[in-house]
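Numbering (the working numbering) for the sequence shown: 52 to 201. Every residue gets a Cβ at the ideal spot worked out from N, C-alpha and C, and that includes glycine. Worksheet: one structure, shown below.
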Amino acid sequence: MSDDKIYIKNKKAYFEYTILDKYTAGIQLLGTEIKSIRNGKANLNDAFCTFIGNQLYVRNLHISEYTFGSFYNHEAKRDRILLLNKKELKKLQTRGEEKGLTIVPLALFISERGFAKLEIGLAQGKKTFDKRETLKERDTKVEMDRAMKR
Numbered sequence: 052m053s054d055d056k057i058y059i060k061n062k063k064a065y066f067e068y069t070i071l072d073k074y075t076a077g078i079q080l081l082g083t084e085i086k087s088i089r090n091g092k093a094n095l096n097d098a099f100c101t102f103i104g105n106q107l108y109v110r111n112l113h114i115s116e117y118t119f120g121s122f123y124n125h126e127a128k129r130d131r132i133l134l135l136n137k138k139e140l141k142k143l144q145t146r147g148e149e150k151g152l153t154i155v156p157l158a159l160f161i162s163e164r165g166f167a168k169l170e171i172g173l174a175q176g177k178k179t180f181d182k183r184e185t186l187k188e189r190d191t192k193v194e195m196d197r198a199m200k201r
């Protein structure tokens, strides 16, 4: 394994949603998918989580095809099962059914043991004025950091 850490963040999720709870879930992947993730070829921008039966799936998670993969290569945007405890799944399913709450992938990373993990969050959508407030806070923070460097 290489020394550089893989941490692919969903910046859009933090802007569009207020994160209430965070969970770390494993992902059921194919061999060529984990190789592509280790190369940093994944995109979380349009991804979302949904329950199908009692399983939690991540949909629209784009993992590019592995360049050296032959006919064993995977589909780029297939549904992938998330691996959580039954207790966590039950809690997410009941909270996710509440009005205005959704489950959003926040980050994709490789753990110390070499497994791909997905950080998911129980989120509530922001209104337009909340988004403007987030932009203002970010701008003031940048200004403060610039002033501190001088």
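Among the residues of its own chain, which have a CB less than 7 Å from the CB of residue i, if the five just before and after it don't count?
| i | result |
| --- | --- |
| Gln-144 | Phe-102 |
| Gln-175 | Tyr-68, Thr-69, Leu-71, Gly-151 and Leu-152 |
| Arg-131 | Ile-78, Gln-79, Leu-80, Tyr-108, Val-109 and Leu-112 |
| Met-52 | At Met-52, the pLDDT of 43 sits below 50, so the modelled position is not reliable; the number obtained from the coordinates is stated separately. Hits under 7 Å: Gly-165. |
| Tyr-58 | Ala-158 and Phe-160 |
Does the distance from the C-beta atom of residue i to that of residue j stay below 8 Å?
| i | j | result |
| --- | --- | --- |
| Ala-76 | Leu-134 | yes |
| Leu-159 | Gly-172 | no |
| Asn-61 | Asn-96 | yes |
| Thr-83 | Gly-120 | yes |
| Lys-182 | Phe-66 | yes |
Could you tell me which of the options sits nearest to residue i, measuring between CA atoms?
| i | options | result |
| --- | --- | --- |
| Asn-94 | Lys-128, Arg-197 and Ala-174 | Lys-128 |
| Leu-186 | Tyr-58, Lys-63, Ile-57 and Ile-59 | Lys-63 |
| Ala-167 | Leu-71, Asp-72, Phe-66 and Asn-90 | Asn-90 |
| Val-155 | Asn-105, Tyr-123, Ala-98 and Arg-183 | Ala-98 |
| Leu-140 | Asp-181, Tyr-74, Phe-66 and Lys-56 | Tyr-74 |
| Ser-87 | Ile-59, Tyr-117, Phe-66 and Tyr-65 | Tyr-117 |
| Lys-56 | Lys-200, Glu-149 and Ile-161 | Ile-161 |
Going by DSSP, what residues sit across from residue i in a beta bridge?
| i | result |
| --- | --- |
| Tyr-68 | Gly-176 |
| Leu-134 | Gly-77 |
| Val-193 | The partner list for Val-193 (beta bridge, DSSP) is empty, contrary to what the question assumes. |
| Ala-158 | Lys-60 and Glu-170 |
| Arg-89 | According to DSSP, which records beta bridges pairwise, Arg-89 is partnered with nothing at all. |
| Phe-102 | Leu-107 |
| Ala-152 | Just to set this straight, residue 152 is Leu in the shown sequence, not Ala. Per DSSP, Gln-175. |
| Asn-94 | His-113 |
In chain order, what residues of the same chain have a beta carbon less than 6 Å from the beta carbon of residue i, not counting five sequence neighbours either side?
| i | result |
| --- | --- |
| Lys-92 | Ser-115 |
| Gly-147 | Ile-154 |
| Gly-195 | Reading off the sequence shown, one finds Met at residue 195, where the question assumed Gly. The answer is none, since no qualifying residue turns up. |
Which residues in the same chain have their Cβ closer than 8 Å to the Cβ of residue i, if we skip the five residues on either side of it in sequence?
| i | result |
| --- | --- |
| Asn-124 | Thr-83, Glu-116 and Tyr-117 |
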